[in-house]
Amino acid sequence: MISLHSAPFTLLVKLPGRRRSGLTPPRCAVRGAGNVSSAAVREMAVAEGRRQHEYSIDARLRQLAPEKVSADDRLVDYETLLVARFLDILEDLHGGDFRQVVEDCLRLSGEYQSEGDPARLGELGGLLTSLDVGDAIMVASSFSHMLNLANLAEEIQMVYRKKAEASRRGDFVDEASAPTESDIDETFQRLVRGLGKSPREVFDALRSQTIDLVLTAHPTQSVRRSLLQKHASIRSCLTQLCGEGISDNEEQEIDEALQREILAAFKTDEIRRTPPTPQDEMRAGMSYFHDTIWNGVPKFLRRVDTALKNIGIDERLPYNAPLIQFSSWMGGDRDGNPRVTPEVTRDVCLLARMMAANMYFSKMADLMFEVLAALNFRFEFLSTDIVNSDFIPGGDIPSSPCGAATTSSELVPTSCTGREPYRIILGDVRDKLYNTCERARQILSKGISSIPEDQTYTNVEQVAKFKLKNYHSFLEPLELCYRSLCDCGDKLIADGSLLDLMRQVSTFGLSLVKLDIRQESERHTDAMDAITTHLGIGSYREWPEERRQEWLVSELRGRRPLFGPDLPQSEEVADVLGAFRVIAELPADSFGAYIISMATAPSDVLAVELLQRECGVKKPLRVVPLFEKLADLQQARATMELLFSVDWYKERIDGKQEIMIGYSDSGKDAGRLSAAWQLYKAQEEIVGVAERHGVKLTIFHGRGGTVGRGGGPSHLAILSQPPNTVNGSLRVTVQGEVIEKSFGEENLCFRTLQRFTAATLEHGMNPPVSPKPEWRRLLDDMATVATDEYRSIVFQEPRFVEYFRAATPETEYGRMNIGSRPSKRKPGGGIESLRAIPWIFAWTQTRFHLPVWLGFGAAFRHAMQQSDAGGGLATLREMYDEWPFFRVTIDLLEMVFAKGDPGIAALYDELLVPDDLRPFGEQLRANYVETQRLLLQVAGHKDLLESDPYLRQRLMLRDSYITALNVCQAYTLKRIRDGGFRPETRPPLSKELLGSSAVAEKLVKLNPNSEYDPGLEDTLILTMKGIAAGMQNTG
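So that you can map any letter, position 997 of the sequence shown is 997 in full-length UniProt numbering, and since no number is skipped, the others follow by simple counting.
This is how it looks when you write it as structure tokens:
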């Protein structure tokens, strides 16, 4: 078995040479040498002669390149093609000498990965530090770009493999994807044929199932939106270029387009010069709806219909089945983010409403054309419902031209004589959608609109008090047309674009996404304290929990207003009350849940209920406590027991409750093993409390992108949850770069929706096994030992914070401008005040991943010593083989170790850590190596990822790029932090920089507030972005 790090990526697999004017571009390698044209063969010979001096490097690297994992494996071919095109472009832009430097860096990285010799890192560092400042920036940008291209190659390979294989097993696609999942058709077949479920049981479970995917504003998307759009174009070109059946001319045109897009991406500035605003984050998040999600949802639901038909259900999933829902935190997550103000919340809600109405409006023309084909110019085939509908002016089919004020003259020509009632109805829908969009735009820009509300849509479904002619719901006319078409024998047409639109309306509503509001519990305490102090009844903050609950319930049962405009308010209190007033002001369907972070007691929930009432919220948001830290999770059962015992609250929730569990802060607080186990137990306990009180519980999973923040393959994560904790209702966050990996492309969007739907259904109909009592006892002991070791180092070691900040780029994290939220909840402080994202980010950059593995080694050693007390290695392996939760936990840890490299972490120590702290780093790396050894014993593996060749291959392909960036980053940090480190540099190599003396001046202008020497900040940020791309994780 070859070690994972003994076969690094290498890229320069020989392709037909680079394009030249008048020569046919080379065919994609995956299409076979037999298809290569004679022109391409001639070009190969020319290229070989021109690059003879490079052949020895190419040959050595080619020998190290990983082989195909399976017959349908095209990854190496895809990646080789993309990077070869990029290197050709690089040479055109910067010259052959510059390209040679990049290839030398690749060679040294590859030799380090294959030999493990730290001297190669020193040679690589010497090469990189000798570069002129402009050349250094270009080299860092080149490697970052090549890693982005590698990620695109992986995405295309994933899609290809899915199409090529009926089913796939045993493969993680890093931390955002899970090709181990069955598709929806396979899941239905397995439930019916393998587990004996009836088709009707499957159908009933599916139509009552709800999955709410919550796009969050966490700042972990390090790639700018402009670059993501160019990456989408590259992805499209490569897919076409490597397809079958294209002519030579088409191939040449596509190849030129591919080169053009690669060049455009490389010349796009990767660095955000200013932090994004919450509105910017919202626009970026909403762009995925326009690009993929909007049309992806009806496409996926049609596949569900087909899968149901394949098991004998000749019935479509109801259009209003709540199968897929979307929510957002972008512009609503104010926890620790002073930039999210009440005005920002208002803006993002109106912007989303405007976007939704505009997308519906854009769809109406095609829908009207399709539906009109059903009329067939025969009035007698119209449904009685539509003939007598009050949607038709005058209550009947008009015999005169249809130029009613509410009907668009563009859509209803004067020749209309009553034979186009669908056009009249849908034309009115289109006009109201235009008005809805325009009204939101006017309010957004001016604060007021000239368009009356009754000429817009305000509700998706009919509201009882608005059953008036001018207050139709959005769905009502669509439902009417659907019924009429079905009654008239045109169901096939009704089930076309009209059904798709009705499903979109049921999924996205008029708000596109429902905005969750999140605020820290202490901010609500501040507001309540201001109120009670103003009333002269004491300080709410100083009251014990019992008195708080008593007073809150008393006020909730009463009706007296507690405060008026004369309430003295600090800036923080005014912000809290302002948020509630915005909730009261905007349409109720704009909002989802109100999340209370750092919730610890029932009064946290009751206080929000009271504040909603006092600020005039007519339809209160459901209030969701978020349990994050280890102690809060342990106390969650008691908290919910007390809350459900409050009669007023029990009546208020009407048998439904949502709670959120946080993976990020619990992991930072206690380590990954203890956090994962406590999250598992907390779910079991809270579900038990809810069942005793007759409450249906929905658990909202606050998962991040990385394993350290609860990330991992979502399909396996769902299937490893405790039995009876999903029950057909699931909410889960989709954060940062995970949004791009989930929805960045049409096929990825489809797979994401399929993955969540199939896993949620399977968990409910085929629950995972419950752990044996002896497994529970052993894991309880292991978690205690793991927490003790983790906390003894992270929180109790006196100089840990000093070491952490020296050995990682944590202090430079904020310069990336990748999010609107500050990296700390409060200024100053240590690890406690640091947010989980920069905590994970810093260790991911150095490839040491300490927050993920620290504590596991001590836990493994403890368990292996307990063979006489129900433990031992045999028990651990039994748990790994039979318990999904434990297996997923161990497999994710193994994946993290495969991404790690203690040799790289040692380089950071050597360059950046004071001499007296280096022994501490050596101890941690020894712990790393020992933990990895014990992990392999538990999993029964000889080497990392031996059971997962696909992931193994992908990590090998990235290694050389990431290593080069790691070395560049470590030496750049050395130059930034150590004023005496001034290595001698060579003259510029890039053609763009030769003879130019203005490079430093330009860099200063780009970073006017930087205290670093010109160019260092850009180089550092580019390495951060590149490593994040290569690890496929930011935080």
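The beta-carbon is built from N, C-alpha and C at its ideal position, and this holds for glycine as well. Keep in mind that this is a model prediction, so the values were computed, not measured.
Alpha carbon of residue i to alpha carbon of residue j, nearest angstrom
i, j, result
"Glu79", "Asp959", "13 Å"
"Arg776", "Gly872", "14 Å"
"Ser664", "Arg672", "9 Å"
"Ser450", "His290", "28 Å"
"Ile254", "Ser497", "32 Å"
"Phe885", "Leu433", "47 Å"
"Leu108", "Leu907", "15 Å"
"Thr407", "Gly245", "At Thr407, the pLDDT of 34 sits below 50, so the modelled position is not reliable; the number obtained from the coordinates is stated separately. Each residue's Cα considered, the two are about 47 Å apart."
"Asp1018", "Ile137", "7 Å"
"Ile962", "Glu91", "21 Å"
"Leu893", "His693", "38 Å"
"Asp183", "Arg751", "8 Å"
"Glu882", "Trp839", "33 Å"
"Met355", "Cys437", "7 Å"
"Leu81", "Arg954", "16 Å"
"Arg868", "Pro713", "The sequence given here places Asp at residue 868; Arg does not occur at that position. Cα to Cα, the separation comes out at about 35 Å."
"Phe743", "Glu103", "34 Å"
"Arg353", "Met956", "45 Å"
"Pro477", "Ile425", "7 Å"
"Ile340", "Ala284", "For the sequence presented, residue 340 should be read as Val rather than Ile. Each residue's alpha carbon lies about 16 Å from the other."
As assigned by DSSP and simplified to three states, the class of residue i
i, result
"Gly194", "helix"
"His231", "helix"
"Val582", "helix"
"Ile976", "helix"
"Asp428", "helix"
"residue 1102", "Because the chain spans 1 through 1035 in this model, residue 1102 falls outside it and cannot be assessed."
"Glu992", "coil"
"Met1031", "helix"
"Glu984", "coil"
"Glu461", "coil"
Which listed residue (the options) has its alpha carbon closest to that of residue i
i, options, result
"Pro983", "Lys974, Lys991 and Gln796", "Lys974"
"Asp132", "Glu992, Ile1021 and Met1024", "Glu992"
"Val769", "Glu651, Met782, Gly728 and Leu719", "Leu719"
"His715", "Phe756, Pro722, Arg703 and Glu746", "Phe756"
"Lys363", "Thr341, Ser142, Asp335 and Gly427", "Gly427"
"Lys899", "Val794, Leu944 and Thr239", "Leu944"
"Asp88", "Phe266, Pro318 and Leu213", "Phe266"
"Gln325", "Thr507, Ile443 and Leu350", "Thr507"
"Glu970", "His94, Leu124 and Gln657", "Checking the sequence shown, residue 970 turns out to be Ala, not Glu. Of the listed residues, the one whose Cα sits closest to Ala970 is Leu124."
"residue 1047", "Val429, Asp347 and Leu317", "Shown here, the chain extends from 1 to 1035; a query on residue 1047 therefore has no answer."
"Glu155", "Pro278, Leu748 and Ser445", "Leu748"
"Leu444", "Phe300, Leu586, Gly509 and Thr525", "Leu586"
"Asn766", "Pro723, Gly110, Phe981 and Pro278", "Pro723"
"Thr210", "Pro322, Asp135, Glu115 and Arg346", "Pro322"
"Leu106", "Val83, Asp185 and Val617", "Val83"
"Trp853", "Gly667, Asp909 and Lys1025", "Gly667"
"Phe795", "Gln678, Ala670, Leu317 and Glu520", "Ala670"
"Asp77", "Glu256, Thr239, Leu191 and Met1024", "Thr239"
"Leu1016", "Gln100, Asn358, Ala140 and Glu111", "Ala140"
"Asp204", "Gly662, Thr784, Pro318 and Arg334", "Pro318"
"Gly980", "Asp1013, Val967 and Asp948", "Asp1013"
Residue i - partner residues in DSSP beta bridges
i, result
"Met660", "Leu626 and Phe700"
"Phe563", "Per DSSP, none; premise fails for Phe563."
"residue 1044", "As shown, the chain starts at 1 and ends at 1035. That puts residue 1044 outside it, with no answer to give."
"Ser729", "Thr210"
"Glu520", "Ser597"
Proximity test, Cβ basis, 8 Å: residue i and chain C
i, result
"Met1024", "Absent from the structure is chain C; it holds one protein chain and no more."
_Check whether the region 577 to 592 and the region 602 to 618 touch, using three or more Cβ-Cβ pairs below 8 Å as the test._
yes
*Using 8 Å as the Cβ pair cut-off and three pairs as the minimum, do the region 311 to 318 and the region 190 to 205 touch?*
Contact holds: three or more Cβ-Cβ distances are below 8 Å.
*Between the region 559 to 571 and the region 524 to 540, do three or more beta carbon pairs fall short of 8 Å?*
yes
*Is there contact here, the region 591 to 602 with the region 628 to 638, by at least three beta-carbon pairs under 8 Å?*
yes
*asked:* Closer than 8 Å is the cut-off here; do at least three beta carbon pairs connect the region 478 to 487 with the region 292 to 309?
replied: Under the three-pair Cβ rule at 8 Å, the region 478 to 487 does not count as touching the region 292 to 309.
*Is it true that the region 795 to 806 meets the region 912 to 921, where meeting means three or more beta-carbon pairs spaced less than 8 Å apart?*
yes
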